[in-house]
Amino acid sequence: MTDREALYRAILTHPHDDTPRLVYADWLEENGHSEEGEFIRVDCRLDSAGPGLPDYTDLVERQTELRLWLHTHAPQVLPKLSGGLTIDIQDKLWRWKWTRRGFPRFLNFQGERQQNVKAIRRLAPALDKAMRRVPTRWLVLLFVLPAHLKELLKQPVVEQLDRLTVQLSGTEYISDETAVMIAASPRLRNLRGLSLAFAISDAGLTALARSEYLGMLDWLALDFQAITAAGVRALVTAPWFRNLRWLRLQGEITEGALEELSRCEAAANLNMLELRIGTHSVQTWEAFGASKLLAALPGLDLSHVDLGEGRLEALLGTNRLQLAVLDLQSCAIRNTGVQALVAAPWVHTLRSLNLKNNGLAAAGLTAVGRCKSWSQLRHLNLNMNSLGVGALRAIAANPSLRGLRSLELSVMPEPSRALRVNHLHEFLDALHMPELRHLDLAGLPVGTPGARALEAEKFQSLRRLSLQECKLNDKAVAALLAAPSLQNLLELNLTGNFLKHGLKPLTDPEVLPNLSAAWIRYNRPPPELKRKLARRAGVNV
Numbered sequence: 015m016t017d018r019e020a021l022y023r024a025i026l027t028h029p030h031d032d033t034p035r036l037v038y039a040d041w042l043e044e045n046g047h048s049e050e051g052e053f054i055r056v057d058c059r060l061d062s063a064g065p066g067l068p069d070y071t072d073l074v075e076r077q078t079e080l081r082l083w084l085h086t087h088a089p090q091v092l093p094k095l096s097g098g099l100t101i102d103i104q105d106k107l108w109r110w111k112w113t114r115r116g117f118p119r120f121l122n123f124q125g126e127r128q129q130n131v132k133a134i135r136r137l138a139p140a141l142d143k144a145m146r147r148v149p150t151r152w153l154v155l156l157f158v159l160p161a162h163l164k165e166l167l168k169q170p171v172v173e174q175l176d177r178l179t180v181q182l183s184g185t186e187y188i189s190d191e192t193a194v195m196i197a198a199s200p201r202l203r204n205l206r207g208l209s210l211a212f213a214i215s216d217a218g219l220t221a222l223a224r225s226e227y228l229g230m231l232d233w234l235a236l237d238f239q240a241i242t243a244a245g246v247r248a249l250v251t252a253p254w255f256r257n258l259r260w261l262r263l264q265g266e267i268t269e270g271a272l273e274e275l276s277r278c279e280a281a282a283n284l285n286m287l288e289l290r291i292g293t294h295s296v297q298t299w300e301a302f303g304a305s306k307l308l309a310a311l312p313g314l315d316l317s318h319v320d321l322g323e324g325r326l327e328a329l330l331g332t333n334r335l336q337l338a339v340l341d342l343q344s345c346a347i348r349n350t351g352v353q354a355l356v357a358a359p360w361v362h363t364l365r366s367l368n369l370k371n372n373g374l375a376a377a378g379l380t381a382v383g384r385c386k387s388w389s390q391l392r393h394l395n396l397n398m399n400s401l402g403v404g405a406l407r408a409i410a411a412n413p414s415l416r417g418l419r420s421l422e423l424s425v426m427p428e429p430s431r432a433l434r435v436n437h438l439h440e441f442l443d444a445l446h447m448p449e450l451r452h453l454d455l456a457g458l459p460v461g462t463p464g465a466r467a468l469e470a471e472k473f474q475s476l477r478r479l480s481l482q483e484c485k486l487n488d489k490a491v492a493a494l495l496a497a498p499s500l501q502n503l504l505e506l507n508l509t510g511n512f513l514k515h516g517l518k519p520l521t522d523p524e525v526l527p528n529l530s531a532a533w534i535r536y537n538r539p540p541p542e543l544k545r546k547l548a549r550r551a552g553v554n555v
């Protein structure tokens, strides 16, 4: 047995302990696999920490970069499993997204392919065998029947699981009985994470809350159907509720239920709260914003929740918040909402802000650009809004944005009509963000002048650059690919620029030597050049 095999076996023997993983990471770094070792360290750090960690957003950015590099330069095919089990993405793509603590995140079982209960009896030994080959203890059951789950919960191997996801098949209705079954199972006493991808009502939620076997939960995702104040009251008074680090609530929740959640005492360990709920009154959002639950919360994800017509203003009006991560993607907040956001007294605590697809016009985006309270902000996503000249100038001129590491300004799928090539040249020429590693300009008229501006030494920190449909020509792209300042790029998107011979430098492995993902679709390279481009690892033609 080699040293590497012995270290990996130690991880399999102690799957819940980070120490064997970090020792393995040390060995990797000392033996020419530094990116693999770093990835394990970053993944472990993100799993144990939360958005309140000062370098959390930087770690997320680095995790993405390492995923790109490892996917292309260190592919690893995972073992085939028996009993209907698969590993997330079965081939070398597994590092692309689905990992936890450096290794495959979960094991899948597709119940729709296994319609009889006997399949579950075959699953049990296969699951035990799989967990001796892959260091994950998370099982995802997809399209299973309650009878499948009932049989599985009889199997001793279930006691080895630390996370469980259940998606029922053939029902769009409430299945409180299944929630009761889970709550009553002593085999699940070691669970730390539970995700129920089927609807439950107050009865199911109350059963989970009162379970004597779910006391170790720190990660919970639930789908609701007509949850009332009584159901929420049961949830927040559960003995394990205060231990939660991550909570996701999705579905129908009554006005009274959200008000009850607002009255909840603080959950000291909660790092991230994700809500996917319907429309509620301004008054209810005001109460929720002032709740103790939010007062110490570092991460809040409200993407796709309707926060228009004064709801966001009501939610964020308190001066008690200290959010580090805020996701407001597709929340219909429009200009009035974003202007209230930038005026909030606590906004200086934000490190990551997502305002993608909110119908923001020039005035709203300019307000974001002019805000002087972004001293800690590292990630800013303004994609799919109506970007204008004033906003670009404000962003470039704002010294409080100079610490950004990720800036997303894409106007895809609709091109910008308010901007011209000279506006982008002016913006890129004035932009001064020394730590910037990710820049998305998709759909903006960068053109030849803007491409020349990107060749400047000040962009040498860039690792990911999107220039999709940016009105580039062959000469500009050829020069861009040869620019010394951009040779550290890991990802480059040149899709939809109608390029021909300008892509030729990419056939040389010495050009952009760390390149892991190049998107060059919807261009027009000659057939022979296209074949040569396709031979380079990571180039998607």
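Quick note on numbering: the sequence shown equals residues 15 to 555 in this note's numbering. From the three backbone atoms N, C-alpha and C, an ideal C-beta is built for every residue, glycine too. This structure is a prediction, so every number in the text was calculated from the model and none was measured.
Quick check on residue i: buried or exposed, where buried means 16 or more other Cβ atoms within 10 Å of its Cβ?
i, result
"Ala223", "buried"
"Asp105", "With a pLDDT of only 46 at Asp105, under the threshold of 50, the placement of this residue in the model should not be trusted, and no figure is reported."
"Leu382", "Note that residue 382 is Val in the sequence shown here, rather than Leu. Classification for Val382: buried."
"Tyr187", "exposed"
"Ala467", "buried"
"Thr298", "buried"
"Arg431", "exposed"
"Asn397", "buried"
"Asp57", "buried"
"Glu19", "exposed"
"Asn395", "buried"
"Ser366", "buried"
"Phe512", "exposed"
"Asp69", "exposed"
"His437", "buried"
"Ser389", "exposed"
"Glu524", "exposed"
Among the residues of its own chain, which have a CB less than 6 Å from the CB of residue i, if the five just before and after it don't count?
i, result
"Ala551", "Thr86"
"Cys630", "For the chain, the structure presents residues 15 to 555; residue 630 sits outside this window and is missing."
"Val361", "Ser387"
"Gly313", "Pro65, Asn285, Met286, Val339"
"Lys546", "Thr521"
"Glu79", "Arg477, Leu504"
"Asp32", "Cys58"
"Thr179", "Val154, Ser209"
"Arg201", "Leu167, Val172, Glu173"
"Ala39", "Gly51, Ile54, Arg55"
Quick one: residues in its chain with C-beta nearer than 7 Å to the C-beta of residue i, no 5 flanking neighbours on either side, listed in chain order?
i, result
"Arg146", "Leu26"
"Asp17", "Trp41"
"Ala301", "Glu273, Ser276"
"Pro216", "Residue 216 is actually Asp in this sequence, not Pro. Excluding positions up to five away in sequence, the list reads Ile241, Thr242, Ala244, Gly245."
"Asn349", "Leu374, Ala375, Ala377, Gly378"
"Val131", "Ala161, His162, Glu165"
"Leu364", "Leu337, Ala338, Leu340, Gln390, Leu391"
Please look up how many angstroms separate the CB atoms of residue i and residue j, rounded, as I've assumed it's under 8 Å.
i, j, result
"Phe212", "Ser189", "5 Å"
"Asn204", "Asp176", "6 Å"
"Leu504", "Trp83", "6 Å"
"Phe607", "Leu153", "A question about residue 607 goes unanswered here, because the residues of the chain that appear run from 15 up to 555."
"Asn554", "Ala532", "7 Å"
Using a Cβ-Cβ distance under 9 Å, would residue i count as near chain B?
i, result
"Asp61", "Although the question refers to chain B, the structure presented lacks it and comprises just one protein chain."
To which residues does DSSP link residue i through a beta bridge?
i, result
"Arg177", "Trp152, Gly207"
"Met286", "Trp260, Gly313"
"Glu422", "Asn395, Asp454"
"Pro118", "Thr113"
"Glu505", "Arg478, Ala531"
"Ile214", "Phe238"
"Trp254", "Paired residues: none, contrary to the question."
"Phe123", "Leu99, Leu155"
"Val172", "In the DSSP output, where bridge partners are listed per residue, Val172 has none listed."
"Asp567", "Missing from the structure shown is residue 567; the chain here goes from 15 to 555 and no further."
"Trp233", "Gly207, Trp260"
"Ile291", "Gly265"
"Leu406", "In DSSP, Leu406 forms no bridge with anything."
"Asn554", "Trp533"
"Leu182", "Val158"
For residue i, which residues of its own chain have a beta-carbon under 8 Å away from its beta-carbon, when the five flanking residues on both sides are left out?
i, result
"Arg451", "Glu75, Glu79, Arg419, Ser420, Ser475, Leu476, Arg477, Arg478"
"Leu258", "Leu231, Asp232, Trp233, Leu234, Ala281, Asn283, Leu284"
"Leu433", "Leu401, Gly402, Val403, Leu406, Leu458, Pro459"
"Pro448", "Arg416, Lys472, Ser475"
"Gly303", "Ala328, Leu329, Leu330, Gly331, Thr332, Leu335"
Would you be able to state if there are at least three C-beta pairs under 8 Å between the segment 531-547 and the segment 88-96? With the cut-off at 8 Å, the segment 88-96 and the segment 531-547 do not touch.
Contact between the segment 517-534 and the segment 450-468 (3+ Cβ pairs under 8 Å): Contact between the segment 517-534 and the segment 450-468 is not established, with fewer than three Cβ pairs separated by less than 8 Å.
- Flag this pair as touching only if the segment 34-52 and the segment 311-328 have three or more C-beta atom pairs under 8 Å; answer yes or no. Pairwise C-beta distances place the segment 34-52 out of contact with the segment 311-328, as fewer than three of them are shorter than 8 Å.
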